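Some notes on the structure that comes next.
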Amino acid sequence: MADNIKPPSMLGILGGGQLGRFFVVSAQNMGYQVTVLDPDKDSPAGRLADVHLCSDYDDISALNSMKKTCVAVTTEFENIPATTLEFLETDLIVRPSSKAVSIVQNRIYEKNFFKDNHFSVGPFVVITDRNSLDLVKNDMYPAILKIAQFGYDGKGQTHVANQKELENAFDGFDRKPCILEKKLSLEAELSVVLARSYDGKKVNFPVIENQHISGILDMSIVPARVASSLCNKAIDYAEQIASKLNYIGVIAVEFFIANKKIYVNEVAPRPHNSGHHSLDSCDFNQFDQQVLTLTGTSLNNPKLLRNAVMVNLLGDIWFRDGKLSLPNFDIFEGSANEVLHLYGKSEARPGRKMGHFTVTGNEMETNLMRANQIKTLLSKNKSKE
Ligand code: ADP
Ligand code: MG
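In our numbering, the protein residues as written are 23 to 407.
Below is the structure:
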């Protein structure tokens with residue numbers, strides 16, 4: 023399909039969360055217009071977009087409106103129905119494709135894709151019905167049962183220690199298709215954010231080290247402090263995965279390090295929370311790359327200008343003694359090395375991603391110390407209503 027889409031063409035994005043919001047900013051900075059489709063009238067990206075179609079992702083009249091006004095469409099979250107992407111694909115450039123998204127939005131297809139292509143994955147069992155529970159051997163426990171579709175940020179996951187708990191957890195998921203994964207003893211978690219253009223050119227950001235709390239990303243450290251042999255393997259895997267999916271766009275691959283070995287965890291068909299550091303640490307950020315891949319513009323190799331630590335801000339710190347109370351953002355005094363990003367969400371809820379901050383600088387230890395200090399001050403020193 024025709025490429026090299028020039029500004030001020032209208033680009034479309036499915037999903038209006040914070041990832042979509044940063045895409046809107048990058049696209050508009052490059053001179054494009056953006057239409058956001060998101061059913062939430064108050065969505066972070068919808069509020070900045072040139073056009074906000076406030077409809078469900080399968081609303082035919084909204085999709086037809088996108089077909090009329092946009093030249094190319096991308097997505098900011100993996101739970102967009104693949105049928106929506108297929109529908110748009112008949113008339114528009116859609117990147118990533120419905121085919122790639124349909125594989126990675128379902129943990130069963132995704133795991134089988136990794137296995138069929140000989141990427142190293144941890145032990146897992148596909149659970150489709152009560153009978154498949156009997157196939158689970160005792161050495162799988164402790165394990166994590168993950169619903170095959172529509173989970174994110176640790177949602178749709180339950181830890182199970184034995185067959186009885188597994189049965190209860192499966193019932194708790196209404197016996198919907200699941201993956202059971204052996205719980206690995208993690209030495210580190212990594213991610214690679216990579217952009218692949220329509221002509222197969224790939225550029226990647228440096229490998230990111232990620233720390234999670236209760237299944238939600240808490241902190242990302244760049245570059246990752248793990249052996250370069252493991253980092254190189256991660257980049258190699260991410261490149262191969264993008265090529266094998268015939269992927270066009272920005273893709274993020276998550277990895278586990280256990281027993282000094284690397285395992286692929288999962289793929290996100292979009293920019294990634296762990297890549298947010300690039301907004302403040304790189305010459306071209308992950309959302310710029312998303313615009314470049316979508317419009318068929320030649321890709322720039324992103325450069326890490328300064329080491330970075332990124333910390334997520336969840337809605338929990340918006341509350342004190344059960345009452346709404348803003349975190350103390352006075353800590354941020356406008357330094358280019360300590361940058362706060364808020365996503366413009368009107369309602370704070372525990373566990374909800376409200377924003378993040380990034381500390382950048384050449385000294386990794388100083389970045390880490392300062393990030394931890396800010397984190398503590400924000401959550402303990404809440405002063406304003
Ligand atoms: P999500 O879609 O919510 O990101 P993940 O499968 O990546 O789902 O799980 C979230 C986090 O839970 C991981 O980043 C990791 O910290 C932990 N986790 C998930 N699966 C395993 C596993 N098999 N072994 C150990 N920890 C795991
Ligand atoms: Mg994950």
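Glycine included, every Cβ here is placed at the ideal spot set by N, Cα and C.
Model, not experiment: these values are computed from the prediction.
Note to self: I'd like the span of the alpha helix (DSSP H) that includes A370, first residue to last.
What the structure shows: Neither: A370 is in no alpha helix (DSSP H) and is coded neither H nor E.
Item checked: Extent of the continuous alpha helix (DSSP H) to which I353 belongs -> From DSSP, I353 is part of no alpha helix (DSSP H); its letter is neither H nor E.
Notebook entry, point to check: Is any heavy atom of the ligand MG found at a distance shorter than 7 Å from the C-beta of N307?
Noted result: no
Check: Under the three-state reduction of DSSP, which class applies to F277: helix, strand or coil?
Finding: strand
Notebook entry, point to check: Does the ligand MG have even one heavy atom less than 7 Å from the beta-carbon of N190?
Noted result: no
Check: Looking only at its own chain, which residues have a Cβ that is under 6 Å from the Cβ of I35, when we skip the five neighbours before and after it?
Finding: Correct list, in chain order: G42, F45, V58, T96, E98.
Check: Considering only residues of the same chain and omitting the five flanking positions on each side of M23, which have a CB-CB separation below 7 Å?
Finding: Low confidence applies to M23: its pLDDT is 49, below 50, so where it sits in the model is not reliable enough to give any reading.
Next item on the list: With a 10 Å radius around its C-beta and 16 neighbouring C-beta atoms as the bar for buried, classify F172 as buried or exposed.
Entry: exposed
Check: Between N232 and F309, what straight-line distance do the alpha-carbon atoms span, to the nearest angstrom?
Finding: 19 Å
Margin query: Could you check whether the Cβ of N287 sits closer than 7 Å to any heavy atom belonging to the ligand MG?
Written below: yes
Check: What are the boundary residues of the beta strand (DSSP E) that includes L59?
Finding: 55-59
Notebook entry, point to check: Using a threshold of 7 Å, is the CB atom of I166 nearer than that to any non-hydrogen atom of the ligand ADP?
Noted result: The answer is yes for I166.
Check: From K345 to D352, what does the alpha carbon distance come to, in whole angstroms?
Finding: 20 Å
Notebook entry, point to check: In chain order, which beta strand (DSSP E) runs of at least 3 residues are fully inside the stretch 262-323?
Noted result: 271-280, 283-290
Check: If you count every other CB in all the chains shown that lies within 10 Å of the CB of M376, and 16 or more means buried, which is it?
Finding: Buried: at least 16 other Cβ atoms inside 10 Å.
Checklist line | L327 - DSSP class collapsed to helix/strand/coil | finding: coil
Notebook entry, point to check: Does DSSP put D411 in a helix, in a strand, or in coil?
Noted result: Past the boundaries of the shown model lies residue 411; the chain is included only from 23 to 407, so the question cannot be answered.
Next item on the list: Assess, as a yes-or-no matter, whether the stretch 121-138 is touched by the stretch 50-68 under the definition of 3 or more beta carbon pairs within less than 8 Å.
Entry: no
Check: Excluding the five sequence neighbours on either side, which residues of its own chain have a C-beta within less than 8 Å of the C-beta of E108, listed in chain order?
Finding: Excluding sequence neighbours, E108 sits near S120.
Check: According to DSSP, is T150 helix, strand or coil?
Finding: coil
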